[in-house]
Amino acid sequence: MPHKKDLTLRSIYSFWSDRWVMSRLYLEEGKATERDIARVRHDIREILPELPGVKLEVMDSGPMWRQDRGKRIAFQITGEDSEVLAELASEAKDRIATIPGLLEPFSGMEGATEELIVSVDRDLASRYGVNARQPSDVVQLTYRGRQLPRFRTPDGERPMRLTLDETQDESVGQLRNLPIYTSDGARVPLASLADFQYKKGAEAVHRDNRVTSVWVGARYEDGTREDYVPVVQDALSKMDFPYGYEWSFTQVNQRRAEQSREFMINLLLALLLIFAVMAGLFESMGQAIALLIALPFAISGAFWTLWLTGCDLDQPAAVGLLLLIGIVVNNGIVMLEHINLYRRRGVRRSRAMLRGGRERLRPILMTALTTLIGLVPIVVQKPALAGVYYYSMALVIMGGLLVSTVLTLVLLPTTAILIEDSPHGVARFIRWTGRKLFRRGRPVPASHPA
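The sequence shown begins at 1 in the UniProt record's numbering and counts up by one.
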């Protein structure tokens, strides 16, 4: 709170549980840009105190259950034994901590709490004639109670639970002295059959396809996730994993593959709907196909822009790609409809193409230029909305629109002519081929020299 003004914060919101606490910082209006957020992220690390046993982490807003959220690279180590997973996770964390560019390495076992493990000696319990389930049942009944059937009353059912005398201060001595009954009715303390050890247990057990797993990863500020994947793979390849234990980016890759599949379906649906609208507008399949010539150039321009700026094809960029498909087609529709207007008036096709293209050149350039200029502030300021940066969407639209506008003005009339003349060309080719075949099959006259 004392640094609220220096950090340009609008408000602070904190909430907590018994194991962790989170504070969200909301910047002032107009300050939620990538540059300002990076500045606050850097400054707040110098302000936060160092507390023994407490880990402080500064991160962007995002789903907390996703270990690979935001600018993070994370992988999973899978196996059967949680203790072995904890050792492997610790070693993997130490290895990726040495990779330049990766900051604040983490492991899913870091939030573990200290637990008291009661291990019953099965051989000793068998000699005493103690049922194997009796110690766990006694401990459960003592400290957790037992759920009973609901009790019906005139006002409705009431939940019932059987418990022993609950006290505020329960000691380990009470646990060690819990009575266990042997087969002959003798009573022995739990400590005579079991060992008591303090160990760190997992905060939560994660399973994928019924296999126990633990997340390990780190955060990065510069570059993309793809830049660090080979380096992390090289570091983990030097580890010795026991039989049945392995690491992988499987879940991350599966989620990315699913997102790519959904994006391709949406892209195909958008192309189909645009084609249907244009075919109905021009009442010509050929002209609708000619208009689609702008889309490959737009998509290539978008990807070249992302590559030159070093930006990922994230979700905002994918949304921008869908928007780009509808934007670039508009220029072609305006030009082709103007050309068709002259052709309906009886103007020859070549003259209509030249005249319509010349007259539509300025409006198309003006609309494209205004769209590009309107997107410049987003690219420069790089604002965020709900923790998501959407300047990649602006880059996709700008790059695709720039390339498609220049090439569409030149190639659209040519493509329209080629598609319109293609049926006649095919017919002429078929007639020419038929005449050749007919001449070869005619009988040679007797007077004709052999």
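We treat Cβ as the ideally placed atom computed from N, Cα and C, and that holds for glycine.
Predicted model, so just to flag it, every value in this text is computed and none were measured.
Point to revise | Buried or exposed (CB count within 10 angstroms, at least 16 for buried), Lys4 | key: Start at 1 with the first residue of the sequence shown, and residue 4 comes out as number 4. When all chains shown are included, Lys4 counts as exposed.
**Study point:** Whole-angstrom distance between Ser107 and Glu87, CA atom to CA atom
**Key:** Here the question's residue 87 lines up with position 87 in the sequence shown. Here the question's residue 107 lines up with position 107 in the sequence shown. About 11 Å.
Practice item. Mind reading off the beta-carbon distance from Phe75 to Phe241? Whole number of angstroms is fine, and I expect it under 8 Å. Key: Along the sequence shown, read from residue 1 onward, the residue named residue 75 stands at position 75. Along the sequence shown, read from residue 1 onward, the residue named residue 241 stands at position 241. Actually they are not in contact, since the Cβ atoms of Phe75 and Phe241 sit about 13 Å apart, beyond 8 Å.
Exercise for review: Express the C-alpha separation of Thr212 and Pro135 in angstroms, rounding to a whole number.
Suggested key: Sequence index remark: in the sequence shown, residue 135 carries index 135 (1-based). Sequence index remark: in the sequence shown, residue 212 carries index 212 (1-based). Taking the straight line from one Cα to the other gives about 26 Å.
Practice item. Just tell me which of Arg161, Tyr13 and Ile47 has its CA closest to the CA of Pro2. Key: By 1-based counting over the sequence shown, the position of residue 2 is 2. When only C-alpha atoms are compared, the closest one is Ile47.
Exercise for review: Tell me, to the nearest whole angstrom, how far the beta carbon of Pro195 is from that of Gly129; I am working on the premise that it is less than 8 Å.
Suggested key: Position 195 of the sequence shown holds residue 195. Position 129 of the sequence shown holds residue 129. The residue you asked about is not Pro; residue 195 is Asp in the sequence shown. Asp195 to Gly129, Cβ: 20 Å. No contact.
Review point. Where are the alpha helix (DSSP H) runs, 4 residues long or more, that stay fully inside the segment 365 to 418, in chain order?
Key: none
Review point. If you compare alpha carbons, which of Trp304, Phe263 and Ile333 is closest to Asn291?
Key: Counting from one through the sequence shown, the residue named residue 291 turns up at place 291. Before going on, a small fix: residue 291 reads as Leu here, not Asn. Per the Cα distances, Ile333.
Exercise for review: Could you check which residue in Ile417, Cys311 and Arg219 has the C-alpha nearest to that of Pro100?
Suggested key: If you number the sequence shown from 1, residue 100 lands on position 100. The candidate whose alpha carbon is nearest that of Pro100 is Arg219.
Check your understanding: Does the Cβ of Tyr390 have 16 or more other Cβ atoms within 10 Å, making it buried, or fewer, making it exposed?
Key -> Position 390 of the sequence shown holds residue 390. Result: buried.
Check your understanding: Just checking, does the segment 120 to 127 make contact with the segment 230 to 241 on the three C-beta pairs under 8 Å criterion?
Key -> no
Point to revise | Beta-carbon contacts of Trp65 that lie in its chain and below 8 Å, excluding the five residues immediately before and after | key: As a first step, residue 65 is located in the sequence shown; it is residue number 65 there, counting from the start. A caution first: Trp65 carries a pLDDT of 43, below 50, which makes its placement in the model unreliable, though a value can still be read off. For Trp65, where only same-chain residues beyond five positions count, there are no Cβ hits under 8 Å.
Practice item. Round the Cβ separation of Ala298 and Leu401 to the nearest angstrom and send it over; I've been treating them as touching at under 8 Å. Key: Working through the sequence shown from its first residue, we reach residue 298 at position 298. Working through the sequence shown from its first residue, we reach residue 401 at position 401. About 7 Å separates the two Cβ atoms, so the contact holds.
Point to revise | C-beta contact flag for Leu116 and Leu141 at 9 Å | key: Counting from 1 along the sequence shown, the entry for residue 116 is found at position 116. Counting from 1 along the sequence shown, the entry for residue 141 is found at position 141. Going by C-beta atoms, Leu116 is not nearer than 9 Å to Leu141.
Check your understanding: Going by Cα to Cα distance, which pick from Gly286, Arg225, Asp222 and Asp6 is closest to Thr414?
Key -> By one-based count along the sequence shown, residue 414 stands at place 414. Looking at the Cα atoms, Gly286 is the closest of the given residues.
**Study point:** Test item: CB-CB of Ile44 and Leu7 under 9 Å
**Key:** By 1-based counting over the sequence shown, the position of residue 44 is 44. By 1-based counting over the sequence shown, the position of residue 7 is 7. Contact flag set, yes.
Check your understanding: With a cut-off of 9 Å, does the C-beta of Asp184 fall near any C-beta of chain D?
Key -> Among the protein chains of the structure shown there is no chain D, as only one such chain exists.
Review point. Quick check: the segment 168 to 181 against the segment 146 to 157, are there 3 or more CB pairs under 8 Å?
Key: no
Review point. From Val58, Ala89 and Arg72, pick the residue whose C-alpha is nearest to that of Asp222; which is it?
Key: Within the sequence shown, residue 222 is the residue found at index 222, counting from 1. Considering only alpha carbons, the answer is Arg72.
Exercise for review: May I ask you to report which of helix, strand or coil DSSP gives Pro63?
Suggested key: The residue given as residue 63 occupies position 63 in the sequence shown. For Pro63, the predicted structure reports a pLDDT of 46, less than 50, and the residue's modelled location is therefore unreliable. The matter cannot be settled from this model.
Check your understanding: Roughly how many angstroms separate the alpha carbons of Val229 and Val120, rounded to a whole number?
Key -> Against the sequence shown, residue 229 aligns to sequence position 229. Against the sequence shown, residue 120 aligns to sequence position 120. Taking the straight line from one Cα to the other gives about 44 Å.
Review point. Expressed to the nearest angstrom, what Euclidean distance is found between the alpha-carbon atoms of Val444 and Arg358?
Key: Taking the first residue of the sequence shown as position 1, residue 444 is located at position 444. Taking the first residue of the sequence shown as position 1, residue 358 is located at position 358. Interpretation of Val444 is limited by its pLDDT of 49, a score under 50 that renders its predicted location unreliable; no figure is taken from the coordinates.
Point to revise | Buried versus exposed, by CB contacts within 10 Å (16 or more), Arg144 | key: The residue you call residue 144 lines up with position 144 of the sequence shown. Exposed is the call here.
Exercise for review: Indicate whether Ile274 and Val329 have their beta-carbon atoms separated by less than 9 Å.
Suggested key: Counting from 1 along the sequence shown, the entry for residue 274 is found at position 274. Counting from 1 along the sequence shown, the entry for residue 329 is found at position 329. In this structure, Val329 lies closer than 9 Å to Ile274 by Cβ.
Exercise for review: Could you name the residues that DSSP lists as bridge partners for Thr212?
Suggested key: Along the sequence shown, one-based indexing puts residue 212 at 212. Thr212 is bridged to Gly79 and Arg207.
Point to revise | Presumed contact (8 Å Cβ cut-off) between Ala394 and Met239, rounded CB distance | key: Position 394 of the sequence shown, counted from the start, is the residue given in the question as residue 394. Position 239 of the sequence shown, counted from the start, is the residue given in the question as residue 239. That pair is no contact at about 42 Å.
Exercise for review: Mind reading off the beta-carbon distance from Arg343 to Arg349? Whole number of angstroms is fine, and I expect it under 8 Å.
Suggested key: For this step, residue 343 is matched to residue 343 along the sequence shown. For this step, residue 349 is matched to residue 349 along the sequence shown. That belief holds up - the Cβ atoms of Arg343 and Arg349 are roughly 6 Å apart, short of 8 Å.
Check your understanding: Got a sec, what are the start and stop residues for the alpha helix (DSSP H) Glu337 sits in?
Key -> On the sequence shown, residue 337 is found 337 positions in, with the first residue counted as 1. Here the alpha helix (DSSP H) through Glu337 covers Gln315 to Arg344.
Point to revise | At least three beta-carbon pairs within less than 8 Å, the segment 369 to 384 to the segment 32 to 41 | key: yes
Review point. Helix or strand or just coil, what does DSSP make of Gly280?
Key: Within the sequence shown, residue 280 is the residue found at index 280, counting from 1. Of the three classes helix, strand and coil, the one that applies to Gly280 here is helix, per DSSP.
Exercise for review: Alpha carbon to alpha carbon, how far is Pro105 from Arg24? Give it in angstroms, no decimals.
Suggested key: Here residue 24 is taken as the residue at index 24 of the sequence shown, counted from 1. Here residue 105 is taken as the residue at index 105 of the sequence shown, counted from 1. Roughly 21 Å between the two C-alpha positions.
Exercise for review: Would you mind giving the Cβ-Cβ distance between Ile325 and Ala270, rounded to the nearest angstrom? I have them listed as a contact below 8 Å.
Suggested key: In the sequence shown, counting from the first residue as 1, residue 325 sits at position 325. In the sequence shown, counting from the first residue as 1, residue 270 sits at position 270. About 5 Å; that satisfies the 8 Å criterion.
**Study point:** Reference Arg10; option with closest CA among Ser17, Val21, Leu27 and Met22
**Key:** Numbered from 1 along the sequence shown, position 10 holds the residue referred to as residue 10. Per the Cα distances, Leu27.
Review point. For Val120, which residues does DSSP report across the bridge?
Key: Within the sequence shown, the letter at position 120 stands for residue 120. Paired residue(s): Ala194.
Practice item. Return helix, strand or coil for Arg72, following the three-state DSSP convention. Key: As a working mapping, residue 72 is identified with position 72 in the sequence shown. Note: Arg72 maps to strand in three-state DSSP.
Point to revise | Option in Met22, Leu412, Leu56 and Val376 with minimal Cα separation from Met353 | key: As a working mapping, residue 353 is identified with position 353 in the sequence shown. Per the Cα distances, Leu412.
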